[in-house]
Structures are given as structure tokens and as C-alpha cells.
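Novice:
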Amino acid sequence: MTETTAPENTPQTTVVFLLFPGITQLDFTAPAQALSRMPGAVLAGAAASRAPIATDSGFSIIPTHDFADCPQADILCVPGGHGVAAALGDAATIAFIERHAAGAQWVTSVCTGAFLLGRAGLLQGRRATTHWAYAHLLPLVGAEAVKARVVEDGRVVTSGGVTSGLDFALTLIGRLRGPVVAQAIQLAIEYDPAPPFAGGHPDRAPQTVTAGLKARVYDAAAAHMEAALRA
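So for the sequence shown, my numbering puts the first residue at 197; every next one is plus one.
#1: Would you decide whether F255 is buried or exposed? Buried here means 16 or more other CB atoms lie within 10 Å of its CB.
#2: Rounded to the nearest angstrom, what separates H278 and T251 at their Cα positions?
#3: Is the stretch 238-245 touching the stretch 257-268, taking contact as three or more C-beta pairs under 8 Å?
#4: Check V358 in the structure and name its three-state DSSP category.
#5: DSSP puts L239 in a beta bridge; with which residues?
#6: In chain order, what residues of the same chain lie with their CB nearer than 7 Å to the CB of A394, ignoring the 5 residues before and after it?
#7: Just mark H332 as buried or exposed, buried being the case when its beta carbon has 16 or more other beta carbons within 10 Å.
#8: Express the C-alpha separation of A390 and K410 in angstroms, rounding to a whole number.
#9: Are there three or more Cβ pairs, one per stretch, closer than 8 Å when the stretch 292-301 is compared with the stretch 322-331?
#10: Please specify which runs of the alpha helix (DSSP H), each continuous and at least 4 residues long, are wholly inside the stretch 312-377, giving them in chain order.
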């Protein structure tokens, strides 16, 4: 279903999402929801096999393709999640990214998926963003860290943590099909953020909340990611 009438000559655009155990499901499903409504879009979710992929939310998702039979991506999207650290050491995953990036029009990431792009050599010398708790690690993959929800550097588009995937998807839809199409999709999914608390980034969250979250989760998670990147 699309929210606009697509011209007959609208090109087909194959959007491939990399799937791996430990993926943050919203990193995948948020941009997938928006991009699936783009005229001409065909989505694929590729993993090492077609077995169900365990997400970080207590449920699994089923890939549409494995690495061998996945169609060539026009848009390659690499989500993030705590499973990224393990995926960094998986040669088949990195080879899949390299192969599809070589033929893709756009190479994109959400959250810590940026580090998988980096391991594949795709962020060297580029400006990029990722989840705020890991941004200091971007230089380890040759990138210049930028504090932004979406960063475009040539054909490479990176986005910040989790919900930033919607921003990236709508930005890209605007580039490919124009702002009217992107606005129609944004309206259709009622993406009109009005969060109950003004604190979705350390710049705005109470310092005690940020410090507590870092101590409980992200200090150890970032150290684990750094070890995987340096391995």
C-alpha cells in the first residue's frame, strides 16, 4: 500500500535490511514501515539463514531471504542492537554488507549498525552518527562523529539511536520520491512526535537520568562494543 498514486514509470527500488541475532527490532521495523509505503519499494530482510531471528524485544522475526539468495539492494539498511558486537566478527555478515554496498545506490544504517558499515570499510573519512552512547567509538572505524539524528555523506546515510530510523527513512523517501510523498507517508503513519518527557537525548535529559542509564547499561555495552571493534 502507498499513500500516493505512483506514476506508471516509478522505478522499483529494492530495500534490503540486514538481520542478525540480537537486533533492535525498532531499528528495523520503524524504517521498514515507512519505506514499505514508498511507491515502487520492494523490501527484503536477509540473514545468514531463513531461521527466525531473535530480537531484543522477546520475539523473533523471519527473514525473507538468506545471504545467498537475497536480491541486490538499491538501498542497503543495516540496523543496530546489542547483537552488533558479535556480528562484527562474523565474516559472512561483513562480506554480505560489502557485496551489496558495492551495487547499492544508498548505503544506510540505524543506531549501532553504523559500526557494521564501518567494519566493511564504508565510513572511512566520512561524517556519521550513531546512538549517543557509542558515538565516541566512531573514529575507530574511520568516521567523524556528528551529533545529529540523520547524517548524509554522499550516498551513505547514518542515523542515531532507534527512533532516528524513522527520520532517516523519511529523509531518504524525500530524496527519492520528493517531499510531498515523504510528507504523505509521515502523515499516514501519524509520525508527529509529542513525547511525554523532554529527555530523549543527553543534551535534554536530566543529568541523573543519563548517569543512571549509562551506569546500568551503556558503560558496559560501549566497552563491549569497543573490544569487538578493536579485535
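Beta carbons are placed, not taken as given, at the ideal position from N, Cα and C, and that holds for glycine.
Specialist: From the atom records:
#1: The residue in question, F255, is exposed, as its Cβ has fewer than 16 Cβ neighbours within 10 Å.
#2: Whole-angstrom Cα-Cα distance: 9 Å.
#3: Contact annotation: the stretch 238-245 touches the stretch 257-268, with at least three C-beta pairs closer than 8 Å.
#4: Annotated three-state conformation of V358 is coil, per DSSP.
#5: L239 is bridged to V211.
#6: Excluding positions up to five away in sequence, the list reads R400.
#7: Classification of H332: exposed, given that the 10 Å Cβ count is below 16.
#8: Spanning the alpha carbons of K410 and A390 requires a straight line of approximately 24 Å.
#9: Between the stretch 292-301 and the stretch 322-331 there are fewer than three C-beta pairs closer than 8 Å, too few to call the two in contact.
#10: Within the stretch 312-377, the complete alpha helix (DSSP H) runs of at least 4 residues are 360-373.
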